[in-house]
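Participant: Residue numbers (our numbering): 5 to 858. All C-beta atoms in this analysis are idealised placements derived from N, C-alpha and C, irrespective of residue type, glycine included. Below is one structure. I have some questions about it.
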Amino acid sequence: MTAIFATASSVIRVALLSGCSSSLSHSPYLSGLAERFGEPDDHMADDAIAALNAASAEDLPDLKARFALGWAYLALRKARPYAALGQLQSAFADRAINVALQSAWTHEKLPGTPEGVFILGLGKLGGHDLNFSSDIDLITYFDPDHLPVSKAKGQAYVLDRVMKRMTRILMPPNDPDFVYRVDWRLRPEASVSGLTMSTQRAADFYFFRALPWHRLALLKARVVGGDRDTGNQFLAELSPFLWRQNLDFRTIDELAALKSRINLEHPRLKREREQREPILDQPFGFNVKLGTGGIREIEFITNAQQLIWGGKHYSLRTTNTLDALDALASEGHLERAEAEALMQSYRDHRQLENALQMMRNGHEHVLPDTDAAWAKLTELMGEDQHSLMDRTTSHRRQVHHRFTAMFEIEDASDTPSESTIFSEASQPIIDDWTSGFRRQGVRATQRGRLEPLGAALTRRVSQAENPDLAVQRIDGFLNKLSRSEQYLSLLATNPALLDALIDPLLYSPHMSVLLEQSPHIIDTFLDPSPPSARFVLAETDYETRLERLRRFVNEGLFQTYHGFLNGQLDWRGLANGLTSMAERAIETALTIARDDLGEPDLPIAVLGLGKLGQRLMLPQSDLDLVFLFEDGVDRDLATKAVRRLRTIITTPLREGIAYELDMRLRPSGRSGPPAVTVSAFERHHLETARSWEHIALVPARVVAGTPELSEQVEAVLSDTLTRPRDQEQLISDAHYMWGKIADERIRDVPPDRFDTKLRRGGLMMADFWDAVAVLTGEERLIDAREAWTELIYWERLLGLTGAPIESVPERYAARFPDALPELQSALQSRVISAVADYPTPAFGETMVPIRWLT
């Protein structure tokens, strides 16, 4: 290897170095490297990395020393951005690990290159952010079916020997000229297991026996050596362990407990523990990695939010701390200014740490405790000592303030004295809440921190119109939760969620059902971004997509309902929100179906009718859909696509269905084929359709599909509904059809009760005859339809159908129209009168195809 770089004479002195002699001379280690290898330049680090392509294991120590000198030269001069310096360190480490691995692999007489075995880098290595003199945290796993080692030989035994030899190459015993210090302690069951483990055994450990710190360690895991494809597949399989779909704020408690242990037990924080205040005016003896306001606190702030939110936001699934802070700001989980401050603190702390380690290539994190030592450090960095010390203390205070705000739960007031208003049946429940929710299975060690939540919950239900009923409903809901401790931790950490939870449970049966089947939909109130279909499609597994589609729909519906109940949305805003939700769900379902069928360009147009077509989707509305395909499409493919879409939308899963689907309005109804071509659709409506089908077609519009085909369908609709027709036949058929509907569904309801849809003169009647008016050109019933629509939103959300008007909860009574019985009577009369204005012709027992006027 000496031919790759000519060795400089040992008499070259540090004073000969141009541009950096004044700084390198303050580091005994860098001065020594400069004497060995000569003057560094901008390319020395890159050249060392390139040389690894042809290097042997014996070359690694020299190459690492050259790299260290070149990297320090760049870092001290700030010749490259901080992130680029981190990438350089990781690039050298990755290649060096693979050189050492290949050497050990060959030494054990294993064939070719390592296959079926991979090395994960964690910590700073995984995060592309190694220090100047970092340890490298490694874990090795292997796939038994792809490893070229017979199981009879003992695969783990053979690989253990490989890894031990690789470790000796990187870290020769008692040799100061090491490549990297290697730390294997982050592997599962490190005290009782070898250096390698099968992927199946590792997966079982992570999913069933892992501790919180194992999950934290994997947050920065990436494949750094060996079989990258096998390693990346393994990490993908661990995704559900690492990235939880439900927000789990126990993460904050777990990281806070871990940090407390570090503060109380780590020997290098002894000085800080002896101080009256953890942060003094001068950072003498400050452990920049583990100390108060240091790097670890920034990492915990970042990692906690990654673990909480990363299941929903893929941009947070990064191993790099600075990238994660930037993504947290972009996703709205940190204020941009706060994220920038943390990023600057992190960079400055790391630069201090790097300079400290450059002095003697030691794994040091404790800053000097004398002015003289600080002077040498700041001279190496080219910084003013007092300015740097002041800046470091300022960073510490800012970081620790943010850390404390995140990892301490606000206390709530004591249980309200109004608890005496509860009955004897409710009082034991209240006592249990305020004692930490023992009946919900909360561990004894966690009950104390949940007592403030119990007090807040008690205070909130004491203000309900019927406190005892409120207690029973909320307790019933909590008893049905399968992971109540996780859920209660979420509420304890975010008490504002109580309003999102309690009002629906007390007043809205429909929202209560959504909560029971998807308890974690209240997560969405902590997320500044609305539910997104990107979350559904981010995974490629078909069943996972179906589960996520239901979660996406339930979250969107619940959030929209809540906005209406708390006054953020009026009824038109609610209608728009529910309609938009349905449209996005259909588009998403269509994408899933296309992907699953392998037909990304499937020519389809989805026709929405009924409330979807009107853009007035209601709570619990079905989707009235017709699926249209271009002429010439493979009929079997079209039929399969419709069936797949029906499965995607309506199959009951853990969180229910996405929507009920009604396809009866397609040509020939239930007896017709589920997939219809545009020409067949047009032919049916021009030649064989009855008037009632065109009445149903009035609100129809394309809600999803191929743009060109959608335009064609819209043109067919327009032509069909505007073409001159026999008006006498239309009115006769409308009376006939409405008579059948009325006989089967319409009922007389007194004006002092709710039954908006099915009463005589109600919403169904207004919708039907308003569609008739569109076809006849008569005066429409828009005002009556809108008034009924506003009432039916309240009726369905509050479960008021059939109930007396007096049963409106006092909490919402002011938002209902005054004199509601009189209003309902007036609306009924308006609709009935409009229908009476149409002539009532004599008609037969059946309807015939539409007669067009030529």
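Tell me the rounded alpha-carbon separation between ALA194 and LEU582.
Facilitator: Roughly 52 Å separates the two Cα atoms.
Participant: For my contact list, ALA589 and VAL557 are in at a C-beta cut-off of 8 Å; report their separation, rounded to the angstrom.
Facilitator: Their Cβ separation, rounded to whole angstroms, is 5 Å, which keeps ALA589 and VAL557 in contact under 8 Å.
Participant: Are SER31 and LEU541 close, meaning C-beta to C-beta below 8 Å?
Facilitator: No, they are not a contact pair.
Participant: For the alpha helix (DSSP H) that contains PHE631, what are its first and last residues?
Facilitator: No alpha helix (DSSP H) holds PHE631; the beta strand (DSSP E) holding it covers 627-633.
Participant: So, ASP723 versus ARG648, is the Cβ gap smaller than 8 Å?
Facilitator: Not a contact, by the Cβ cut-off of 8 Å.
Participant: Could you please give the first and the last residue of the uninterrupted beta strand (DSSP E) stretch that includes SER138?
Facilitator: Looking at the DSSP string, SER138 is not in any beta strand (DSSP E), and its letter there is neither H nor E.
Participant: Which whole runs of the alpha helix (DSSP H) in the stretch 455-543 are 4 residues long or more, in chain order?
Facilitator: Fully enclosed alpha helix (DSSP H) runs of 4 or longer: 471-484, 488-497, 501-511, 513-521 and 537-541.
Participant: If you pair each beta-carbon of the stretch 112-124 with each one of the stretch 59-71, do three or more pairs fall below 8 Å?
Facilitator: No, the stretch 112-124 does not touch the stretch 59-71.
Participant: Under the three-state reduction of DSSP, which class applies to ASN291: helix, strand or coil?
Facilitator: ASN291 falls in the strand class under three-state DSSP.
Participant: How would you label ARG213, buried or exposed, when you count the other beta carbons within 10 angstroms and need 16 or more for buried?
Facilitator: Result: exposed.
Participant: Does DSSP put PHE122 in a helix, in a strand, or in coil?
Facilitator: Strand at PHE122.
Participant: How many angstroms separate the CA atom of ILE101 from the CA atom of GLU357?
Facilitator: Each residue's alpha carbon lies about 24 Å from the other.
Participant: Return the CA-CA distance between LEU641 and ALA593, expressed in angstroms with no decimal places.
Facilitator: Taking the straight line from one Cα to the other gives about 16 Å.
Participant: Are three or more beta carbon pairs between the stretch 136-147 and the stretch 190-204 nearer than 8 Å?
Facilitator: At 8 Å Cβ cutoff, the stretches touch.
Participant: For HIS689 and PRO728, I'd like the C-alpha separation in whole angstroms.
Facilitator: The straight-line gap from Cα to Cα measures roughly 13 Å.
Participant: Which partner residues of ILE608 appear in the DSSP bridge assignment?
Facilitator: The partner list for ILE608 (beta bridge, DSSP) reads PHE633.
Participant: SER695 to GLY743, Cα distance in whole Å?
Facilitator: Roughly 14 Å between the two C-alpha positions.
Participant: Nearest by alpha-carbon distance to ALA388: which of ASP375, HIS399 and ARG815 is it?
Facilitator: It is Asp, not Ala, that sits at residue 388 in the sequence shown. When only C-alpha atoms are compared, the closest one is ASP375.
Participant: If you compare alpha carbons, which of GLN476, LEU222, GLY458 and GLU591 is closest to ALA496?
Facilitator: Checked all of GLN476, LEU222, GLY458 and GLU591; the closest Cα to ALA496 is GLY458.
Participant: Tell me the DSSP secondary structure of LEU616 in three-state form.
Facilitator: It is helical.
Participant: Please name the residue or residues paired with ARG757 in a DSSP beta bridge.
Facilitator: Answer is PRO808.
Participant: With LEU606 and ALA645 assumed to form a contact (beta carbons below 8 Å), what rounded beta-carbon distance in angstroms separates them?
Facilitator: About 6 Å; that satisfies the 8 Å criterion.
Participant: Could you tell me whether the stretch 663-671 touches the stretch 517-530, where touching means 3 or more Cβ pairs closer than 8 Å?
Facilitator: Verdict: no, contact absent.
Participant: For a test of the three-state rule: what should DSSP assign to SER202, helix, strand or coil?
Facilitator: In the structure shown, SER202 sits in a strand (DSSP, three-state: E or B).
Participant: Which two residues bound the contiguous alpha helix (DSSP H) that contains ALA642?
Facilitator: Run containing ALA642: 639-654, per the alpha helix (DSSP H) assignment.
Participant: Helix, strand or coil for TYR842 per DSSP?
Facilitator: Reduced to three states, the DSSP call for TYR842 is coil.
Participant: Give, in chain order, every unbroken run of the alpha helix (DSSP H) that is at least 4 residues long and sits entirely within the stretch 66-120.
Facilitator: The stretch 66-120 contains these whole alpha helix (DSSP H) runs: 86-111.
Participant: Mind checking which residues open and close the beta strand (DSSP E) that includes GLY229?
Facilitator: That run of the beta strand (DSSP E) goes 226-230.
Participant: Can you check DSSP and say which residues form a bridge with THR325?
Facilitator: Paired residues: none, contrary to the question.
Participant: Let's test the definition: count the other Cβ atoms within 10 Å of the Cβ of LEU20 and tell me whether it reaches 16, buried, or not, exposed.
Facilitator: Interpretation of LEU20 is limited by its pLDDT of 37, a score under 50 that renders its predicted location unreliable; no figure is taken from the coordinates.
Participant: In angstroms, rounded to a whole number, what distance separates the CA positions of TRP247 and VAL227?
Facilitator: Between TRP247 and VAL227, the C-alpha separation is close to 18 Å.
Participant: Whose CA, out of ALA474, GLU715 and SER439, lies closest to the CA of ALA429?
Facilitator: For the residues ALA474, GLU715 and SER439, the minimum Cα distance to ALA429 belongs to ALA474.
Participant: Between which residues of its own chain and ILE509 is the CB-CB distance below 6 Å, once the five residues before and five after are set aside?
Facilitator: For clarity, residue 509 is Leu in the given sequence; the question names Ile instead. Once the five neighbours on either side are set aside, the close Cβ partners of LEU509 are ARG477, ILE478, PHE481 and SER516.
Participant: Please state if the CB of LEU199 and the CB of GLN310 are separated by a distance shorter than 8 Å.
Facilitator: No, the Cβ-Cβ distance between GLN310 and LEU199 is not below 8 Å.
Participant: Assuming THR760 and LEU795 form a contact by the criterion Cβ under 8 Å, report the distance between their Cβ atoms to the nearest whole angstrom.
Facilitator: At roughly 5 Å, the Cβ-Cβ gap stays under 8 Å, so THR760 and LEU795 are in contact.
Participant: Can you find the residues in the same chain that come closer than 8 Å, C-beta to C-beta, to ARG447, ignoring five residues on each side of it along the sequence?
Facilitator: Excluding residues within five positions, the ones whose Cβ falls inside 8 Å are GLU489.
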